[in-house]
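Q:
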Amino acid sequence: MQKLLLAVDRLSTFVGRVFAWSIVLLTLLVSWEVFSRYVLNHPHPWALDAQIMLYGILFMMAGAYTLAHQGHVRGDILYGSFSPRTQAGIDLVLFILFYLPGVLALTWAGWTYANESLAIRENTFSPDPLPLYPFKFVIPVAGALLLIQGLVEILRCIVCLRDGNWPPRQKDVEEIDVEELKAMVSDGQSEGVKP
Amino acid sequence: MKKELLFGFGLMAVILLAIAVFTPWTTLTNGHIGMIMLALIVVAMMMGFPSAFTLMGMGVLFTWYAYHSVDPHTAVQQTLDLTVQRTYGVMTSDVLIAVPLFLFMGYLVERAKLIKKLFHAIHIATARIPGSLAVATLVTCAIFATATGIVGAVVTLMGLLALPAMLRAGYDTRLSSGVIAAGGTLGILIPPSIMLIVYGATAGESVVRLYAGAFFPGLLLATLYIIYVVVMAKLKPHWAPPLDEEARRVALPWHLEKLATRYGRFALPGLVRATFTRDSDVPRRLAGRELLLASLPALAFVLVMGLAWNSMTRPQETYDTSGLVEMGLSGDTPEALGRDEDAGPGISEPPPEEESAPSVSEPPALEEPPALAEPPALEEPPAALEEPPAVTEPPLEETLAEPEAQLPPTLEEAVEAPANAAESGRLAAPAAFWETLAIGFAALAVLYFLLSFPRLEVFRMLLTSFFPLAVMILGVLGSIVFGLATPSEAAAIGALGGFILAAIYLAMDLPQDVRRKIWPVWIVLWAVFLASVIWFMLFKAQVITQPVPPLLGWVSMSAFLLWAVLASWQAKLITMLKESVFLTAKTSTMVCWLFVGASIYSAAFSLLGGHQVVEEWVLSMNLTPIQFLILTQLIIFVLGWPLEWTEIIVIFMPIFVPLLAHFNIDPLFFGILVALNLQTSFLSPPMAPSAFYLKGVAPPNVSLGQIFLGSMPFLGIVIVAMILLYVWPEIALWLPAKLYN
Numbered sequence: 001m002q003k004l005l006l007a008v009d010r011l012s013t014f015v016g017r018v019f020a021w022s023i024v025l026l027t028l029l030v031s032w033e034v035f036s037r038y039v040l041n042h043p044h045p046w047a048l049d050a051q052i053m054l055y056g057i058l059f060m061m062a063g064a065y066t067l068a069h070q071g072h073v074r075g076d077i078l079y080g081s082f083s084p085r086t087q088a089g090i091d092l093v094l095f096i097l098f099y100l101p102g103v104l105a106l107t108w109a110g111w112t113y114a115n116e117s118l119a120i121r122e123n124t125f126s127p128d129p130l131p132l133y134p135f136k137f138v139i140p141v142a143g144a145l146l147l148i149q150g151l152v153e154i155l156r157c158i159v160c161l162r163d164g165n166w167p168p169r170q171k172d173v174e175e176i177d178v179e180e181l182k183a184m185v186s187d188g189q190s191e192g193v194k195p
Numbered sequence: 196m197k198k199e200l201l202f203g204f205g206l207m208a209v210i211l212l213a214i215a216v217f218t219p220w221t222t223l224t225n226g227h228i229g230m231i232m233l234a235l236i237v238v239a240m241m242m243g244f245p246s247a248f249t250l251m252g253m254g255v256l257f258t259w260y261a262y263h264s265v266d267p268h269t270a271v272q273q274t275l276d277l278t279v280q281r282t283y284g285v286m287t288s289d290v291l292i293a294v295p296l297f298l299f300m301g302y303l304v305e306r307a308k309l310i311k312k313l314f315h316a317i318h319i320a321t322a323r324i325p326g327s328l329a330v331a332t333l334v335t336c337a338i339f340a341t342a343t344g345i346v347g348a349v350v351t352l353m354g355l356l357a358l359p360a361m362l363r364a365g366y367d368t369r370l371s372s373g374v375i376a377a378g379g380t381l382g383i384l385i386p387p388s389i390m391l392i393v394y395g396a397t398a399g400e401s402v403v404r405l406y407a408g409a410f411f412p413g414l415l416l417a418t419l420y421i422i423y424v425v426v427m428a429k430l431k432p433h434w435a436p437p438l439d440e441e442a443r444r445v446a447l448p449w450h451l452e453k454l455a456t457r458y459g460r461f462a463l464p465g466l467v468r469a470t471f472t473r474d475s476d477v478p479r480r481l482a483g484r485e486l487l488l489a490s491l492p493a494l495a496f497v498l499v500m501g502l503a504w505n506s507m508t509r510p511q512e513t514y515d516t517s518g519l520v521e522m523g524l525s526g527d528t529p530e531a532l533g534r535d536e537d538a539g540p541g542i543s544e545p546p547p548e549e550e551s552a553p554s555v556s557e558p559p560a561l562e563e564p565p566a567l568a569e570p571p572a573l574e575e576p577p578a579a580l581e582e583p584p585a586v587t588e589p590p591l592e593e594t595l596a597e598p599e600a601q602l603p604p605t606l607e608e609a610v611e612a613p614a615n616a617a618e619s620g621r622l623a624a625p626a627a628f629w630e631t632l633a634i635g636f637a638a639l640a641v642l643y644f645l646l647s648f649p650r651l652e653v654f655r656m657l658l659t660s661f662f663p664l665a666v667m668i669l670g671v672l673g674s675i676v677f678g679l680a681t682p683s684e685a686a687a688i689g690a691l692g693g694f695i696l697a698a699i700y701l702a703m704d705l706p707q708d709v710r711r712k713i714w715p716v717w718i719v720l721w722a723v724f725l726a727s728v729i730w731f732m733l734f735k736a737q738v739i740t741q742p743v744p745p746l747l748g749w750v751s752m753s754a755f756l757l758w759a760v761l762a763s764w765q766a767k768l769i770t771m772l773k774e775s776v777f778l779t780a781k782t783s784t785m786v787c788w789l790f791v792g793a794s795i796y797s798a799a800f801s802l803l804g805g806h807q808v809v810e811e812w813v814l815s816m817n818l819t820p821i822q823f824l825i826l827t828q829l830i831i832f833v834l835g836w837p838l839e840w841t842e843i844i845v846i847f848m849p850i851f852v853p854l855l856a857h858f859n860i861d862p863l864f865f866g867i868l869v870a871l872n873l874q875t876s877f878l879s880p881p882m883a884p885s886a887f888y889l890k891g892v893a894p895p896n897v898s899l900g901q902i903f904l905g906s907m908p909f910l911g912i913v914i915v916a917m918i919l920l921y922v923w924p925e926i927a928l929w930l931p932a933k934l935y936n
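Protein chains in written order, with our numbering: chain A, 1 to 195; chain B, 196 to 936.
#1: With the cut-off set at 9 Å, would you say H44(A) and D177(A) are in Cβ contact?
#2: Classify N505(B) as helix, strand or coil using the three-state DSSP reduction.
#3: Against P745(B), what residues of chain A qualify as contacts under a CB-to-CB distance less than 8 Å, listed in chain order?
#4: Assuming L161(A) contacts A88(A) (C-beta within less than 8 Å), just tell me the rounded distance between them.
#5: Quick check: what's the CA-CA separation for P715(B) versus V709(B)?
#6: By the criterion of Cβ-Cβ separation under 8 Å, what are the contact partners of Y283(B) in chain A?
#7: Using DSSP bridges, identify the partner residues of R74(A).
#8: Below 8 Å, how does it come out for the stretch 271-288 of chain B and the stretch 826-841 of chain B: are there three or more Cβ pairs, yes or no?
#9: Take I338(B) and list the residues in its own chain whose beta-carbon comes closer than 6 Å to its own, dropping the five residues that flank it on each side.
#10: Applying a beta-carbon distance threshold of less than 7 Å, which residues of chain B neighbour S31(A)?
#11: Where does L181(A) land, buried or exposed, given buried means 16+ other C-beta within 10 angstroms?
#12: Leaving aside the five residues before and after S196(A) along the sequence, list all residues of the same chain whose C-beta is less than 8 Å from its C-beta, in chain order.
#13: So the alpha helix (DSSP H) P359(B) belongs to, where does it begin and stop?
#14: Please report the distance separating the alpha-carbon of E876(B) from that of R711(B).
#15: Which residue's Cα is closest to the Cα of L733(B): L642(B), A503(B), W629(B) and K429(B)?
#16: Are A307(B) and L701(B) touching if we call contact CB-CB under 9 Å?
#17: With a threshold of 9 Å between beta carbons, is F731(B) in contact with chain A?
#18: Measure how close the beta-carbons of L889(B) and I375(B) come, nearest whole angstrom, since I'm counting them as under 8 Å.
#19: Short of 9 Å Cβ to Cβ, which residues in the stretch 828-841 of chain B face chain A?
#20: On a CA-only basis, which of G326(B), L705(B), M230(B) and P853(B) is nearest Y420(B)? Give me that one, please.
#21: Does G164(A) have its Cβ less than 9 Å from a Cβ in chain B?
#22: Nearer than 8 Å: is that true of the beta carbon of A870(B) relative to any heavy atom of the ligand NAP?
#23: Of the residues K136(A), F95(A), N115(A) and L40(A), which one's Cα is nearest the Cα of L746(B)?
#24: For the alpha helix (DSSP H) holding I918(B), just list the boundary residues, first then last.
#25: Among all the DSSP beta bridges, which residues are the ones paired with N123(A)?
#26: What do you reckon, are the CB atoms on V8(A) and M61(A) nearer than 9 Å?
#27: With burial defined as no fewer than 16 other Cβ atoms inside 10 Å of the residue's Cβ, what is the status of Y935(B): buried or exposed?
#28: Looking at the structure shown, is Q272(B) part of a helix, part of a strand, or coil, going by DSSP?
#29: Residues of chain A with a CB under 7 Å from the CB of C787(B): which are they?
#30: With distances taken Cα to Cα, identify the nearest neighbour of V334(B) among A495(B), I236(B), F661(B) and T218(B).
#31: Using a 10 Å radius around the Cβ and a threshold of 16 neighbouring Cβ atoms, would you call P862(B) buried or exposed?
#32: Between I52(A) and chain B, is the shortest Cβ-Cβ distance under 9 Å, so that the two count as touching?
#33: Using a C-beta cutoff of 9 Å, does E176(B) count as contacting chain A?
#34: So what does DSSP say about L725(B), is it helix, strand or coil?
#35: From V728(B) to S775(B), what distance separates their C-alpha atoms?
#36: Would you mind giving the Cβ-Cβ distance between L451(B) and E684(B), rounded to the nearest angstrom? I have them listed as a contact below 8 Å.
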C-alpha cells in the first residue's frame, strides 16, 4: 500500500519537477525577447504566445506535484489543532465532495476542449502562429495527474483513519527550511554581528 | 478546548447562524443561494481542505445548480464548458504570468546569502540612531522582503540573525520580536510585490498603476515603523539601550587603519596623498583602489549629469523629457530608426508626432556642422561637461539669461525648444539642470568633507550589500512604473539579476585560488556582454548614431548564456538553482490554482445572481462612501484572522470591487488600502503567520504571547497608516496621476 502511495507521489513529483524547469526557459525567453526587441530592434511576434504557454504549462503540470507535497494553501486555524484521525475524516469527506467533482469536470471538459482544438488544428492569432492544441491538451493531462494524486490522497486518508497517524511522505524542498536558513546565517561566524 | 478551536468554531457558528437567520427560507431565490454559497465557502475553507480545490469543487457544483435551474438538459454541458474556459483563462492570463517570474527572482535573491552582510552593514551605518539595532532590522527587513517577497523566509532569517543580536544587546523582547514580525511583512506591500499582481488580476486594475500607487504608502508604513522604534528608544531607553562604544566602532582593514593614523580625519586628501606620493607605508596600489572607491559617488554623479546634459542639449531630440514619453518610444519603431540611419550621422528626423505640431519647422539638423556627429567621448563625461565642441556650446550666461525657454517637461514647450535650437546648434540646458548640478556639487563637497576612513569602510560595506539590492529593486520597479517594460519583462530581468547576484555572492565565498582562476574568464565574458549594452545605452543617449549591430548582439547574448552556464557550475549554483526552480513551481502553482478555483467559483456566484443581492443589500443600507470603506476594510481585517491574504483577495475582491463605482471610490485607492490592511492578517492572532514563523526559530524564553504583544503596536501603526491614506489619498494617487494622466 505504502509503496503504491509513494510510487504515485514520485510520478507526480517527477512530472512536476520536469515542467518546473520551464520557469528557467520562461526567464530566458522573456529576457532574450527584451534584448532582441530593445537592443537589436528585432521583435518576435510569437514570443509573447510562447511565454504565456510556458507559464500555463508550468503551473498546470505542477498541480499534482504541489498536492503531493501539501503545497496548496489551506486554512490552518482548526485543521492544525485536530488529531490526525479528525484531519483524515475531514479530508476524506471533502476530497469526495469537492475535489473529485471539480477535477473530474476539468479533466473531462479539458479532453473534449483539446480535441476540438486538434480537429481544426488551431493556431495562435499572430503573424507567426504557433499551434495551440498541444497547449490545450495540458488541461486534461494535468487533470488526470491530479485525479490520480487525489485518489492516492483519499487512500492516505483511509490509512490514517485506520492507523491513527498519517502515512509518511517523501521529503521535498521547503520554503522555510530552518536548518538550511540557520546554515545561511551562521557560517563564517567571524563576520557575525557583535552587539 | 484550545483557544484556536474555540475561535474557529465560534466564527463558524456565527456565520451559520447568520445564514439561518437572514435567509428568507420561504421565498428562496437563486441570489440567496449565492449568499449561502459565500458563507459556506468561508466555513469550508476554515475546515482546512486545500482552498483551491474547495473553491473549484463548490464552484462546479453551484454552477451546475445555477444552470440546472434554468434548463436541466444542457446544464452538465454548460458547466463543463464554463469550467474549462475559466481554467484556460487563467492559463493564458498575461497578468499572472509575472507571478512565477517574481517568485523565481525572490527565491534566487533569498539564496544569494547576502542577508547577513546586509544586516551587518545597515547596522553599522545606523549605529548612532536611537534603537539602532531595531532600526537596522526594520530597514533590512524592508529591503530584503521587497526583493524576495517571501514573508516566511524573511521573518525566519531575521529571527535567526537579528533577534539574538537584539536580545544580547538588552533590547526588550516584545519590541524585538514585533519589529521582525512587522518588518518581514512589508514585502507584500512595497512593490514589486506578488500581492498587487494578484489584486490587479482579480480586480481588473492595471498592475503598473498599482505599483506606482503602492510605492509611497509602502515607504510611509516603513517610515512610521522606524519613527515608532526611534521614539520608543528615546522614551524608554531600557527597551532599546544605546550600543556601547565598542559595538559602534567600525573595524578597519589594516591598510585603512594605517592611513587613518597617518592622515587623521579627512579620507579624501589622505588617499590622494597616499596614492600619488610615497609618504605612507601603504602600497600605492591599495591606496589607489581605496581612492577609486571613495570617488565612486563623484564619478557616478558626473556620468549621470554628463549624459543628461548631452541629451538635454541635443537639437530636436527630446528623449529625456518626461512629458514626451510617447515620442521617445515612437523613435523605437523600425521606420524611425531606419530613417535615422539613412540620413547619416548627425541628422535625425523628428519623431512622427512632432510633425503635427505647428511650431516645428523642418529639421534644421542639416545645418549642423559635421563636428556634432563626433560625440564627446563618453568615457570622459567630465570632458564633455567642461569643453564641449565650440559650435555646440551654449554660453552659460545665455542659459541663465533665458530661463523662460528652459523648462521642457510640458509638450508645447518641449516642441518649441528645437525651433529655438535652430540657431545655436545645441539647446540651452534647462535652468533646473544647472540647479541640480550646483546642488549636487554642494552635496558632494559635504560628503567628502564628512568622509572619514571609518565612513569609507561603511560605504564599502553598503556598496557590497545594500546597493546591489536597492539598484535591483529600483531598476525593476522603475522600468515598470515608467513604462519601459511590462511587469513580466521586468520580473524576468529581475530573475536574471537575482541569478547574477547569487552567482557573485556565492563566488566570493569560494577559496581564493579558485576565485583567481575564474575571475578572468568571467570578466571577459561580461565585457563582451556589456559591449552591446553600453553601445545600446550610448545609442539611446544619442552619443552613437548607429544601433547595435545584430552580430554583436548575438555574440553578447551567447557570452551571457555561456557565463550563466559556467557560473552555475563554477560557483556551485546548481543546487540552489534547483531548489529555487522547484519552490517557484510549487508556490506559483499554489497561487494560480487558487485563481482557477476562484474564477470558477466567482462565475457560479454571478450565475446565481449573488452580485445583485449583495448590491441591493449594500445600497439599501444607504452607506456613505466612508462607511462603506470602513465596513469593507473591517470585513477584510476580520477575515485576515483565520484566512490568508491570497484567499481573501481571490474570493472577496470580485464581490467588493464592482460596488466601488456606486461610492465613487477609485479601485486603485481601494487596492492600496487592502494591501495595507492585509499586513494585519500576518500579525493578528490567532492565525498570525509572521508570529508563528518567528516563534519557530526564537529562543525558548520568547513566548508566542510576547510576540503577539510586540506585534500589537505595529498593527496599530498599520491602522494609522490607513487613516493617513484616507485623509491624504494623494499619498497613493499622486504618482500614478503624475505618470499616466
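Glycine included, C-beta positions come from ideal geometry on N, C-alpha and C.
A: With the structure as the only source:
#1: Numbered from its first residue, the first sequence carries residue 44(A) at position 44. Numbered from its first residue, the first sequence carries residue 177(A) at position 177. Contact: no.
#2: Along the second sequence, read from residue 1 onward, the residue named residue 505(B) stands at position 310. Secondary structure at N505(B): helix, using DSSP grouped into helix, strand and coil.
#3: Mapped onto the second sequence, residue 745(B) falls at position 550. The contacting residues are L40 and H42.
#4: Counting from one through the first sequence, the residue named residue 161(A) turns up at place 161. Counting from one through the first sequence, the residue named residue 88(A) turns up at place 88. Indeed they touch by this definition, with Cβ atoms about 5 Å apart.
#5: For the purposes of this step, residue 715(B) is taken as the residue at position 520 of the second sequence. For the purposes of this step, residue 709(B) is taken as the residue at position 514 of the second sequence. Rounded to whole angstroms, the separation of the alpha carbons of V709(B) and P715(B) is 11 Å.
#6: In the second sequence, counting from the first residue as 1, residue 283(B) sits at position 88. Neighbours of Y283(B) on chain A, chain order: Y113, K136 and I139.
#7: Numbered from 1 along the first sequence, position 74 holds the residue referred to as residue 74(A). Here R74(A) is bridged, per DSSP, to P245(B).
#8: Counting Cβ pairs under 8 Å, fewer than three are found: no touch.
#9: Translated into positions along the second sequence, residue 338(B) becomes position 143. Answer for I338(B): L664, listed in chain order.
#10: The residue labelled residue 31(A) in the question sits at position 31 within the first sequence. Neighbours of S31(A) in chain B, taken as residues whose beta carbon is under 7 Å from its own, are A687, I688 and L691 in chain order.
#11: Looking up residue 181(A) in the first sequence gives position 181. Burial call: buried.
#12: With chain A represented from 1 up to 195, any question about residue 196(A) goes unanswered, as that position is not in the structure.
#13: As a working note, residue 359(B) is residue 164 in the second sequence. Taken as a continuous stretch (DSSP letters only), the alpha helix (DSSP H) holding P359(B) covers V346 to R363.
#14: For the purposes of this step, residue 876(B) is taken as residue 681 along the second sequence, with counting starting at 1. For the purposes of this step, residue 711(B) is taken as residue 516 along the second sequence, with counting starting at 1. In the sequence as displayed, the identity of residue 876(B) is Ser instead of Glu. Annotation: S876(B) to R711(B) spans about 49 Å, alpha carbon to alpha carbon.
#15: One-based indexing of the second sequence puts residue 733(B) at position 538. Considering only alpha carbons, the answer is A503(B).
#16: One-based indexing of the second sequence puts residue 307(B) at position 112. One-based indexing of the second sequence puts residue 701(B) at position 506. A contact, by the Cβ cut-off of 9 Å.
#17: Position 536 of the second sequence, counted from the start, is the residue given in the question as residue 731(B). Yes, F731(B) counts as interfacial toward chain A.
#18: Residue numbering aside, residue 889(B) sits at position 694 when the second sequence is read from its first letter. Residue numbering aside, residue 375(B) sits at position 180 when the second sequence is read from its first letter. That belief holds up - the Cβ atoms of L889(B) and I375(B) are roughly 6 Å apart, short of 8 Å.
#19: Those residues of the stretch 828-841 of chain B that come within reach of chain A (Cβ to Cβ, closer than 9 Å) are W836, P837, L838, E839 and T841.
#20: Stepping through the second sequence from its first residue, residue 420(B) is reached at position 225. Taking only the C-alpha atoms, the option nearest Y420(B) is G326(B).
#21: Numbered from 1 along the first sequence, position 164 holds the residue referred to as residue 164(A). Chain B, which has no Cβ nearer than 9 Å to the Cβ of G164(A), makes this no.
#22: As presented, the structure is devoid of all ligands, the ligand NAP included, so that no description of it is given.
#23: For this step, residue 746(B) is matched to residue 551 along the second sequence. Of the listed residues, the one whose Cα sits closest to L746(B) is L40(A).
#24: As a working mapping, residue 918(B) is identified with position 723 in the second sequence. That run of the alpha helix (DSSP H) goes L899 to V922.
#25: Residue mapping note: residue 123(A) aligns to position 123 of the first sequence, counting from 1. Under the DSSP definition of a beta bridge, N123(A) partners with P131(A).
#26: What you label residue 8(A) is simply residue 8 of the first sequence in a count that begins at 1. What you label residue 61(A) is simply residue 61 of the first sequence in a count that begins at 1. No. Outside cutoff.
#27: As a first step, residue 935(B) is located in the second sequence; it is residue number 740 there, counting from the start. Classification of Y935(B): exposed, given that the 10 Å Cβ count is below 16.
#28: Your numbering for residue 272(B) matches position 77 in the second sequence. Q272(B) falls in the helix class under three-state DSSP.
#29: Residue mapping note: residue 787(B) aligns to position 592 of the second sequence, counting from 1. F59, listed in chain order.
#30: To locate residue 334(B), count along the second sequence from 1; it is residue 139. When only C-alpha atoms are compared, the closest one is F661(B).
#31: The residue labelled residue 862(B) in the question sits at position 667 within the second sequence. So P862(B) counts as buried.
#32: Position 52 of the first sequence holds residue 52(A). At least one chain B Cβ lies under 9 Å of I52(A).
#33: It is not possible to answer for residue 176(B), since the shown part of chain B is limited to 196 through 936.
#34: Within the second sequence, the letter at position 530 stands for residue 725(B). Judged by DSSP in its simplified three-state form, L725(B) adopts helix.
#35: Taking the first residue of the second sequence as position 1, residue 728(B) is located at position 533. Taking the first residue of the second sequence as position 1, residue 775(B) is located at position 580. Approximately 28 Å, taken between the alpha carbons.
#36: The sequence position of residue 451(B) within the second sequence is 256, counting from 1. The sequence position of residue 684(B) within the second sequence is 489, counting from 1. In fact, because the Cβ distance is near 42 Å, the residues do not count as touching under 8 Å.
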